[in-house]
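For the sequence shown, numbering that gives the first Met the number 0 gives the first residue as 0, with consecutive numbering after it.
The beta-carbon is built from N, C-alpha and C at its ideal position, and this holds for glycine as well.
A quick write-up on the structure given underneath.
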Amino acid sequence: MVIAKPEWFKKKNRTSSIFDIPLKGWIYNIIAMSVIFIGVMLPQNIITETIVAGVFLFLIMDENIVSLKSLDEREHMHYAIAMRNMAWGVLIIMITGSIILINNFNGTDIKTGLYILIMITAVGGALINNITRHKLEKEN
């Protein structure tokens with residue numbers, strides 16, 4: 000079941016900017032993000048947290064599927080190359096970070112080091128993806 004429509008996320012000028020989507024796409028994103036804030040205001044129990052997380056993940060995955068349908072062949076190829084580069088980058092960051100984590104942290108600091116590794120991996124993957132997409136857009 001798909002709620003969003005591909006034309007809501009079709010970029011106007013075919014740039015790699017996230018600010019270039021139509022108004023309905025922005026409204027959909029705001030609604031998806033507001034689910035988290037509504038979930039924080041509700042009473043905290045496991046059922047509420049599970050339902051809020053499920054609705055949020057459904058809306059985000061729905062947006063991801065629909066936005067991929069709005070890409071043309073060239074953009075789809077750029078997306079695939081950027082995702083491949085991101086996967087390799089994340090793999091290298093995780094392996095290197097794990098080796099550093101094992102060698103430099105003792106048993107008490109391993110949890111903090113793991114959180115730092117996860118954040119560095121997420122930021123590194125996003126940077127690699129955005130740099131690759133920007134480079135491919137500039138070449139064409």
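Minimum Cα-Cα distance from glutamate 6 among the listed residues Gly123, Ser69 and Thr95 corresponds to Ser69. When rounded, the separation of the alpha-carbon atoms in histidine 77 and alanine 86 is 14 Å.
Annotation for serine 66: the continuous alpha helix (DSSP H) segment containing it runs 45-68.
With respect to the 9 Å criterion, threonine 95 and phenylalanine 104 are not classified as neighbours on the basis of their beta carbons. Cβ atoms of isoleucine 115 and glycine 88 stay farther apart than 8 Å, at about 17 Å. Secondary structure of proline 5 (DSSP, three-state): helix. Of the other Cβ atoms in all chains shown, 16 or more fall within 10 Å of the Cβ of glutamate 62; this residue is therefore buried. The residue among Leu100, Ile130 and Ile92 with its C-alpha nearest the C-alpha of isoleucine 119 is Ile92. Excluding residues up to 5 positions away in sequence, Ser69 lie with their Cβ nearer than 6 Å to the Cβ of lysine 9 in the same chain. The DSSP-derived three-state label of asparagine 139 is coil.
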